[in-house]
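Asker: Structure in structure tokens, see below.
2 protein chains.
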Amino acid sequence: MLPRGRPRALGAAALLLVLILIGFFLFGGDLECERREQGGPGSFPCSLTPRVPPDGDLPADHGGCNRSDCVPLRPLPPKCELLHVAMVCAGHNTSRDVITLVKSMLFFRKNPLHLHLVTDAVARNILETLFHTWMVPAVRVSFYDAEELKPQVSWIPNKHYSGLYGLMKLVLPGALPPALARVIVLDTDVTFASDIAELWALFAYFSDEQVIGLVENQSDWYLGNLWRNHRPWPALGRGFNTGVILLRLDRLRQAGWEQMWKLTATQELLTLPATSLADQVWRSLLGGGGQAQGQGEMAVSAQDIFNAIIKRHPGLVLPLPCIWNVQLSDHTLAERCYSEAADLKVIHWNSPKKLRVKNKHVEFFRNLHLTFLEYNGNLLRRELFGCPSPPPPEAEQLQRALAHLSEEDTCLEFRQQQLTVHRVHITFLPHEPPPPRPHDVTLVAQLSMDRLQMLEALCRHWPGPMSLALYLTDAEAQQFLHFVEASAVLSARQDVAYHVVYREGSLYPINQLRNVAMAQALTPYVFLSDIDLLPSYSLYDYLRASIEQLELGSGRKAALVVPAFETLHYHFSFPNSKAELLALLDAGSLYTFRSHEWPQGYAPTDYARWREAQAPYRVQWAADYEPYVVVPRDCPRYDPRFVGFGWNKVAHIVELDAQEYELLVLPEAFTIHLPHTPSPDISRFRSRPTYRDCLQILKDEFHQDLSRHYGAAALKYLTALQQPEAPQG
Amino acid sequence: MLPRGRPRALGAAALLLVLILIGFFLFGGDLECERREQGGPGSFPCSLTPRVPPDGDLPADHGGCNRSDCVPLRPLPPKCELLHVAMVCAGHNTSRDVITLVKSMLFFRKNPLHLHLVTDAVARNILETLFHTWMVPAVRVSFYDAEELKPQVSWIPNKHYSGLYGLMKLVLPGALPPALARVIVLDTDVTFASDIAELWALFAYFSDEQVIGLVENQSDWYLGNLWRNHRPWPALGRGFNTGVILLRLDRLRQAGWEQMWKLTATQELLTLPATSLADQVWRSLLGGGGQAQGQGEMAVSAQDIFNAIIKRHPGLVLPLPCIWNVQLSDHTLAERCYSEAADLKVIHWNSPKKLRVKNKHVEFFRNLHLTFLEYNGNLLRRELFGCPSPPPPEAEQLQRALAHLSEEDTCLEFRQQQLTVHRVHITFLPHEPPPPRPHDVTLVAQLSMDRLQMLEALCRHWPGPMSLALYLTDAEAQQFLHFVEASAVLSARQDVAYHVVYREGSLYPINQLRNVAMAQALTPYVFLSDIDLLPSYSLYDYLRASIEQLELGSGRKAALVVPAFETLHYHFSFPNSKAELLALLDAGSLYTFRSHEWPQGYAPTDYARWREAQAPYRVQWAADYEPYVVVPRDCPRYDPRFVGFGWNKVAHIVELDAQEYELLVLPEAFTIHLPHTPSPDISRFRSRPTYRDCLQILKDEFHQDLSRHYGAAALKYLTALQQPEAPQG
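Line by line, the protein sequences are chains A and B.
For what it's worth, our numbering labels the leading residue of the first sequence as 6, then goes sequentially.
For what it's worth, our numbering labels the leading residue of the second sequence as 6, then goes sequentially.
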């Protein structure tokens, strides 16, 4: 393989020349290149190394690379190598950030990934559900309990409890599995604009001594000259930003990392004055403070401690090219980095203002970020060609089930929709669980974008906890977020849990949505309502009192019926009492619900008796009865085979009756349905000829399953079954 | 720079070893690599060259690359080099495809682009408007008239007229500017999954003789052994696919390309039998037929002719790596290409089934394609850092105007919305312009997703031409497309033009939408309606007759008023005549429009007089009057400052009155407003405290502009102006 024959030196020279020319020709415009005289492990290519001159000024060619003295450097790890990524995540808002970050990572990745997530209980609950339902091939997720790690960092002074989470980056070498040698650690406020494998490949440049890869800070915070007596923690020049870290865990453990950082932190804390509040505001605006966690900024950040250690042991750090952590705080110096680069790799929103940060190119960066905020995460469920990446077991099961469906099946579309596993993001917005109360009731409902305007009214009518499933695209979820932020009524409520179920398929999966909302209700009872119904103002209190009086807690199996009415007018003044309601009913301004189109759905409630009733009364199940009911949280789920519109509530009431729930009508309870334009979905599917045929098939199958499950007791449902009526919404 | 000192040979050997090791370590998994013994221009790296063995079998390692004998090859063109791309595009559907392709290209690109589009009149109209309003920095678009090029290819036999467009790829060397030396030619059914600059960089591998870069066909069509007497056009082995072409235009011109292809085509046509219809079906399913254009498949495709030329002159072609044109026809052999590649570059949907093609990995490819179908094109309006890419002049003007706005302005959000330039995709779906008729009327309206269900009813009520502006996101535009395809009523109508205006900003730009729809109306008169109104069944005929009788064509300046009513019930049977309407009105089932909330909006129509009227009667303008009117197409535009909800129609009627249009009420005309849930937008903005303040400011400014424009004549509007009333929708 080596050049042989006489003119060896000449051959070598020629070869070198050819290589230089190829490099010049092919890679001239590329940023990632290496100044040959600097090459080799332990130092970084060309001027991409953040030099740290004493005056803190970046060299003019920072981020650029002079063509003629470069050879190409575009490392990638071996195909299919498993890459490890660690993040610390706590709370509802940070969980949303993590998902956006992961979407950007998955969009560009071509390698299998293992995510190591240090989480509080809230984030774990959200992310576990999300990844479980997302079913992305070749992504493994491990969770680590932040609670267990707290004692290791809680001695460090912190203004806010939440600051502790930021410090947990320090304890990763001990917290992650001992066999794990390398990991990329990310703040949750970064966005990828490239394949993370390129970042992973930079591990190859670590010298034997180096253990941490970091990008220089793009703010002047650590220079300590922002004002008189400005005394930041010690750092080399501008210091390093810890939004993106390459960690050699194996070496850190060997080098006694735990002692090292604890000693450094202790010593610095003894000599440094307490940081003032004004300092905190400044540092956060300048992005000098490490990752912001929730509302509070840290008094001491992991970044401070990392920098103090590096100041003492400069040999530990491999400076990384600035494009791997472009920091978008106010007054950032990031432009010196990206103005030369066609190719940004990672954007870091390290300002508390996030997307509202002032930066003349912020539009560019915002567009990148919005791309992944709005990106349809379902599309990331794609295999990695050429890597053995067995799909998650659930995904395989699903594939088999889908493969079993016949193309000729009248109900093909319905069955596909039933089998669809929707990505679910529970508690999309901050939420406080209600205090445990034995008779408390959660209102459960589901909606899509076209019913958002019902939320404020619903909040005014129902002061108690709610669990709402929202069927949205990723882009709509962002619109929903802004909708809530813009509403004083909605922002004020912490007891409304919004669960986003991501859209997929052509039919509205109404019962799957109801089941998601019901499963997330945290009170012992649930009021199973619909989004177009407004409960009477007193219903929440009245239901809790009724539950107590009827002693449902002591094992009495009952479903409390809330009589439903409807108005056909869209300007409507809501009755304040049963008396007012009856007056409107008599005046013809209100009707009993669906009395014209679907009388059997509500007639068994016996509205005539209800008019006069002073006490709860029992009614019997009848075919097609579908009242709105209050039931224990652990009641049967809705049958997910009923998708789109039709028979979805009826089947649930049958199931309750089969399980011998008493149906008790409450004399003072009522709820009123408001008019709305039929959704395009309803119009479309009702007009299809196969729709009724298929609904009949699904009903038959439902009855077969009932017989199988309840035996002879289920016979009454079959005999009660009449000719199919108009499907109901 | 060369290694000096005694052990020069040793140094050279060591250097080589290091380079091999670096290559192995860093680039081992990468596809784009070069077998050193094959390197150099004119041949293609490693086994990526589609070898063409006589048996037509692909080598086992096709698409792969043995690590140990590779050195890295990741060419990119110089930073900021302008790349040229040519496409042939005809008709409505292909225009949509082009936009998706361009979105994928822009997503990954880092270079300025110049698009050369050969178009028919329809595509030019669509794409010119689209690119003009898209305002993407560093993208230039040139149009070439397909009509002018037709004579050069129309002598080639074609089953369908549309087949001619496919053949136009042959005449590009003559059609494109003489100074243009290189161009990438693309079929409209490809999707990029990488930076097009990497494709452009492959020009560097052309030998002096080579003029065309192509990927091998991934079907067996040209092998000619599919059935007895299967006689495809001649080709080398499997032949080459022309979905992605690198053309050295300069050399083609020098080499006398025009004569070459015409001679080859003529000779082959003389010797080949006519292709049977069955052949056509097969070849199209196998993706052997070049680009499908509209309904028809070509009898002879540009691909046939390219292949016949290459068979005669194999030295002209540089075979390209298969990843640059992964062909997803049925029975494709593409898997042999992509199963080895982590990194697909271009996907080619060369089957008439497009996304419904059968392929076990189709889900993967569909997800890539859907990514760009749904991608928010607004996010591609991003500058290229480090390249001088002056934004289009309109964009600069816009930036200046936006910069002038004050953060303290009460109306900031309104003014930003007014200044927003929305991407506009006119005639999103196939549309046939109405035949020119002197009294014809187009119904003009605008809507967003939540009103799609109105379209079918509207079609039933209005049998004439319509011009509708739809305010949608890119993802919603796809849902809309499926909605129309699923509706027999809508699919049957070719005279309804749908213009998609892409969403941007927080307020509904109602008057901008109306102006788009109005500008695209092609009849001499327009009926300016709203989406929630259904016209009487006879209105279309009646309006045309009235226009004729009133002799509006002869310069009489009139706006014909169509009296509006409303129902508050959402189950409603539409009156078949004025008599029926009056009966419903008397019965209290119908009201005159907005008589409760906004009487001054419609009262000047004088409904009492209308009851009895037998002939058109003139009414006077009054403050806040906002009737639905029929006007000549060239009437004043709507004032775009009124965004969101309020005073948007009122201002237009003022403008008509100021320009001395007579207001003539038609005695038999009527239209009825159906109830709907208020949209979230309305609820949100009506509840804002600044909303009314700002509306008042905008009204004041409107009146100032009126005075400036019409002088003393505009005084009456100012004096008539009363206290601000509730804003109307």
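Glycine included, each C-beta is placed from N, C-alpha and C at the ideal position.
1) For Asp644/A, count neighbouring Cβ atoms within 10 angstroms of its own Cβ and tell me buried if that reaches 16, exposed if not.
2) Does Ser344/B have its Cβ less than 8 Å from a Cβ in chain A?
3) Chain A partners of Ala198/B, CB-CB under 9 Å?
4) Just how far apart, CA to CA, sit Ser212/A and Trp329/A?
5) At a CB distance below 7 Å, what residues from the stretch 93-125 of chain A approach chain B? Give them in sequence order.
6) Just to confirm the assignment: which complete beta strand (DSSP E) runs, minimum length 3, are found wholly within the stretch 519-573 of chain B?
7) Just grab the DSSP bridge partners of Pro324/B for me.
8) What residue ranges within the stretch 573-639 of chain B form continuous beta strand (DSSP E) runs of no fewer than 3 residues, ordered along the chain?
9) At the level of alpha carbons, what is the spacing between Leu679/B and Ser600/A?
10) What residues from chain B crowd round Ala480/A, counting only those whose CB sits closer than 8 Å?
11) Please give the ranges of any alpha helix (DSSP H) in the stretch 73-159 of chain B, keeping only runs that are unbroken, at least 4 residues long and fully inside the region.
12) Which residues in the same chain have their Cβ closer than 6 Å to the Cβ of Tyr227/A, if we skip the five residues on either side of it in sequence?
13) Report yes or no: do the stretch 469-480 of chain B and the stretch 447-456 of chain B share at least 3 C-beta pairs separated by less than 8 Å?
14) Counting only C-beta atoms, is Gly218/A closer than 8 Å to chain B at any point?
15) Strictly by DSSP, which residues pair up with Thr376/B?
16) Count the other C-beta atoms from every protein chain shown that fall within 10 angstroms of the C-beta of Lys350/B, then say buried if there are 16 or more, exposed otherwise.
17) Among Leu573/B, Val648/B and Gln605/B, which one has its Cα closest to the Cα of Gly593/B?
18) Mind checking who Glu667/B pairs with in its DSSP beta bridge?
19) Look up Ala502/A in the DSSP assignment and give the residues it is bridged to.
20) By a C-beta neighbour count over all protein chains shown, 10 Å radius and 16 as the cutoff for buried, is Gln423/B buried or exposed?
21) So Arg253/B is in the beta strand (DSSP E); what residue range does that whole segment cover?
22) Would you kindly report the start and end of the unbroken alpha helix (DSSP H) that includes Thr269/B?
23) So Arg420/B is in the alpha helix (DSSP H); what residue range does that whole segment cover?
24) Drop a sphere of 10 angstroms on the beta-carbon of Glu399/A, count the other beta-carbons inside from all chains shown, and report buried for 16 or more, exposed for fewer.
25) If Lys108/A sits next to Gly382/A, beta carbons under 8 Å apart, how far is it from one beta carbon to the other, in whole angstroms?
26) Which bits of chain B does Asn372/A rub up against, with CB to CB less than 7 Å?
27) Is Met92/A closer than 8 Å to Leu191/A when the C-beta atoms are compared?
28) Along chain B, which residues have their Cβ under 7 Å away from the Cβ of Gly510/A?
29) Hey, is His336/B's beta-carbon within less than 8 Å of any beta-carbon in chain A?
30) Give the range of the beta strand (DSSP E) segment to which Ser224/B is assigned.
31) Looking at the secondary structure, which residues open and close the beta strand (DSSP E) in which Arg187/A lies?
32) Who are the neighbours of Phe369/B on chain A, taking C-beta pairs under 9 Å?
33) So which of Glu667/B, Gln264/B and Leu204/B has the shortest CA-CA distance to Leu557/B?
34) Could you give the DSSP three-state label for Gln402/A: helix, strand or coil?
35) Using a beta-carbon distance below 8 Å, is His574/A in contact with chain B?
36) Report yes if the C-beta distance between Asp255/B and Ala202/B is below 8 Å; otherwise report no.
Answerer: Based on what the coordinates show:
1) buried
2) yes
3) Chain A residues near Ala198/B: none, gap ~11 Å exceeds 9 Å.
4) 19 Å
5) Lys115
6) 530-533, 538-540, 563-567 and 569-571
7) Leu219/B
8) 622-624 and 633-637
9) 22 Å
10) Asn381, Thr478 and Ala480
11) Secondary structure in the stretch 73-159 of chain B: the alpha helix (DSSP H) runs of 4 residues or longer, each lying completely within the stretch, are 97-113, 126-139 and 151-158 in chain order.
12) Pro237, Ala240, Arg243 and Gly244
13) With a cut-off of 8 Å, the stretch 447-456 of chain B and the stretch 469-480 of chain B count as touching, because enough Cβ pairs lie within range.
14) Output row for Gly218/A: interface = no.
15) Beta-bridge pairing links Thr376/B to no other residue.
16) buried
17) Of Leu573/B, Val648/B and Gln605/B, the smallest CA-CA separation from Gly593/B is found for Leu573/B.
18) Ala563/B
19) Looking at the DSSP output, Ala502/A bridges to Ser472/A.
20) Here Gln423/B is buried. Its C-beta has 16 or more other C-beta atoms within 10 Å.
21) Phe245 to Arg253
22) Trp262 to Thr276
23) Leu417 to Leu424
24) Taking all protein chains in view, the Cβ of Glu399/A is surrounded by fewer than 16 other Cβ atoms within 10 Å, so the residue is classified as exposed.
25) 6 Å
26) Leu384 and Arg387
27) Yes, these two residues count as a Cβ contact at 8 Å.
28) Chain B residues near Gly510/A: none, gap ~12 Å exceeds 7 Å.
29) Cβ-Cβ to chain A under 8 Å: no for His336/B.
30) Premise fails: Ser224/B is in no beta strand (DSSP E) and is neither H nor E.
31) Arg187 to Leu191
32) Arg387, Glu388 and Phe390
33) Glu667/B
34) helix
35) yes
36) no
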